[in-house]
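What follows is one structure encoded as structure tokens, with my remarks underneath.
Protein chains in written order, with the working numbering: chain A, 1 to 522; chain B, 1001 to 1252.
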């Protein structure tokens, strides 16, 4: 869950030019002439609604198909279309693009779980359609509190980088000034981990938005309880945004209020588990079972896991193959006579063996584009970045394996092949490499297995590999054990396959073992 | 002895004033020697005397720095095609240096196929003939590790023979072998001489040297001190250094 969307939603936006507003006003008045109860943008029978589907239960991708949009906001768009006799086209886009999209006419409306805030209404018009609130949540049985100050001296978990962290810090300033112990702030990268800390008792409470918590009652019901709903003016109600136009705003506000009167919004709230009535149910519901085999098997057989595992496998195999290709000439050079190039290559190996793999990934993804703008372009995907960093990183290790393996081949082999008149390339291909391969194989497979698991680091640069998929699914369902177990099964299956492969390949090296050699007299 | 003036092109191998340096160190010092076709030469001398370096000049595993080396009237220098030269001059090593990842048969066919482009079937047919000649025809399908030291040395000889050489260099071929296996190698080398294949052999085995050599070449500190038939060399060495060397070997 992306709580930080709330912050993004709280940020202020570009002010569009006055000229553009003037044009929009003229256009909307032209529409007004045709229909009294339909906004100007919907008079053609079509209108475009923009949304960023990352905020359940308001707007999100339901399940594993990214085109399967769902949520309160999506339903609201359809209800508005029904009222106006127009078909809504839902356009998904990145959050930053949506409100400017109103000015550029790419979007007629923006309904995307955005808070109605005075700052935004300077540039755009909005109609409130749903009440909301910040909530402080603790384990079931924890007594209610009256203000954030009551959390003094206790640990509170929030998603890192959110406005909730800022809220806690502000409270802490206030607490310290009045001579009281500050709140212990724990920040976690994902919402599901935040909740887990409270469930495990590491944190006393967590801070989040009520609609999300209600939506998650299936996972959380009975385990936690709301201990405080602090009133924060910036988090009171969700608004549907349109371009500045008093006439359209009036029609929109009227339409929303008539949907409210007809009880339609109330129905939607129930459908998405976000009505106020849910707060009671949420607190009283019984705890679900510990481990569901059904969930485990459905995770195991889900397309998302198959794809995640395939991506993990592909990026690991590609990276290691690339690493091997790089490492062979480097190893040969390092085993050869001293040269300036050799010193350079030694430095390469030392640096990339020394630096943490996670740091290399972050460096290539975030820092490299600052030096070389070409890496900012869209072709440079998380996949390519992962491939690049893991190849470079792995090649440093592989160089050492190859160096040792090449050294271990008896020097007499080279002399003997040389004395037979074979060319250097023939000697390496037919005499040295086959023997070095036998020595290099076990540590190489070992490295590969290690690399297969290292790919999970790439989730930090948004590569949808197996662990990233697992985390997304856990975030959606809070079913830690089942999804972690499914991921474990995939990792183990892949590793066991390669161990099996190693055994098969080692059989081909029976020539090195007197008792196992399979040659036969003729 | 040989004249120090010019190489004799009528002689199979003719060497004049051959020098070899390792940096500042003079490893071979003005070596001169003529060798006839089918002759069995044994090079004796203490460790570090340059014996191995000397015979490795013949196939340019160790290229000489100055002087003249002629094989069949052809000057061997840095313009010589190495593949051709090494096809004519085969080599057998102390540790056999067989390719452990290849079967006995493949050890013998690899070079003919890669260097000469001999078709596999033909190469295998020839290799089987050489393996039979050295008495291990039935081992063709085995890997080197499955063979005894004596058998491995026979494979090494067959591997050298498979390039159909005119000269074979032996670098201490019996050092790792038991007496019975040594007898086998002696028989093979006599067989090679009968086929007019010249053999040049470095060894520390006095008995072996006496049995096979047509002539003994005695080296010390990079120089050839004596060249004589074994009967003469072992009973009446001309130089003090050779006498001291032989005394030590007998004591040992």
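Just so it is clear, CB atoms sit at the ideal spot from N, CA and C, and this is done for glycine as well.
For residue 1146 of chain B, the nearest beta carbon of chain A is closer than 8 Å to its own beta carbon.
In this model, residue 1190 of chain B and residue 1024 of chain B are separated by some 40 Å (Cα to Cα).
At least 8 Å separates the CB of residue 1200 of chain B from every CB of chain A. Neighbourhood of residue 52 of chain A in chain B, by CB distance below 8 Å: empty, with the nearest CB roughly 60 Å away.
Scanning chain A for C-beta atoms nearer than 9 Å to the C-beta of residue 1086 of chain B yields 418, 419, 420, 421, 422, reported in chain order. Residue pairing from DSSP places residue 209 of chain A in a beta bridge opposite A:134.
Ranking A:163, A:140, A:211 by CA distance to the CA of residue 205 of chain A puts A:140 first. Within chain B, the residues whose beta carbon sits less than 7 Å from that of residue 415 of chain A are 1061, 1097, listed in sequence order. In the structure shown, residue 480 of chain A adopts helical secondary structure according to DSSP, grouped into three states. Taking residue 318 of chain A as reference, the option from A:513, A:390, A:192 with the minimal CA-CA separation is A:390. With a threshold of 8 Å between beta carbons, residue 517 of chain A makes contact with chain B. Between the beta-carbon of residue 1019 of chain B and that of residue 1034 of chain B there is about 18 Å, and that puts the pair past the 8 Å contact cut. The residue among A:499, A:324, A:402, A:423 with its C-alpha nearest the C-alpha of residue 446 of chain A is A:499.
Chain-ordered, the chain A residues with CB closer than 7 Å to the CB of residue 1101 of chain B read 434, 435, 511. Per DSSP, residue 391 of chain A is one residue of the alpha helix (DSSP H) stretching across 382-408. Going by C-alpha positions, residue 418 of chain A is about 19 Å away from residue 1123 of chain B. Residue 255 of chain A places its beta carbon less than 8 Å from that of residue 83 of chain A.
Chain order gives no chain B residues near residue 502 of chain A, where near means a beta carbon separation below 7 Å; the closest approach is about 18 Å. Closer than 8 Å to the CB of residue 376 of chain A there is not a single CB belonging to chain B. Taking one beta carbon from each stretch, the stretch 1196-1204 of chain B and the stretch 1037-1044 of chain B have 3 or more pairs nearer than 8 Å; the two touch. Distance from the Cα of residue 222 of chain A is smallest, within the candidate group A:461, A:407, A:137, A:207, for A:137. Using a Cβ distance threshold of 8 Å, residue 1051 of chain B and residue 1249 of chain B do not count as a contacting pair. Here DSSP, grouped into helix, strand and coil, assigns residue 319 of chain A to helix. Closer than 7 Å at the C-beta level to chain A, one finds these residues of the stretch 1105-1131 of chain B: 1110, 1111, 1114, 1115. Proximity to residue 412 of chain A across A:93, A:52, A:463, A:435 peaks at A:435, based on C-alpha coordinates. Of all residues in the stretch 316-333 of chain A, none is placed with a Cβ closer than 7 Å to any Cβ belonging to chain B. The continuous beta strand (DSSP E) containing residue 1022 of chain B extends over residues 1013-1022. A residue is called buried when at least 16 other Cβ atoms come within 10 angstroms of its Cβ; residue 295 of chain A meets this threshold and is buried.
According to the DSSP assignment, residue 1030 of chain B belongs to the beta strand (DSSP E) that extends over 1025-1035. The DSSP-derived three-state label of residue 1170 of chain B is strand. No Cβ-Cβ contact shorter than 8 Å links residue 1209 of chain B with residue 422 of chain A.
Our two residues, residue 348 of chain A and residue 406 of chain A, have alpha carbons roughly 19 Å apart in a direct line. Separation of the CB atoms of residue 1217 of chain B and residue 1043 of chain B is rounded to 5 Å, and the pair is thereby assigned contact status at 8 Å.
Within a 10 Å sphere around the beta-carbon of residue 329 of chain A sit fewer than 16 other beta-carbons, which makes this residue exposed. The DSSP assignment places 72-84, 95-103 as complete runs of the alpha helix (DSSP H) inside the stretch 59-109 of chain A, in order along the chain (cut-off: 4 residues). Taking a beta-carbon distance threshold of 8 Å, residue 351 of chain A does not count as an interface residue toward chain B.
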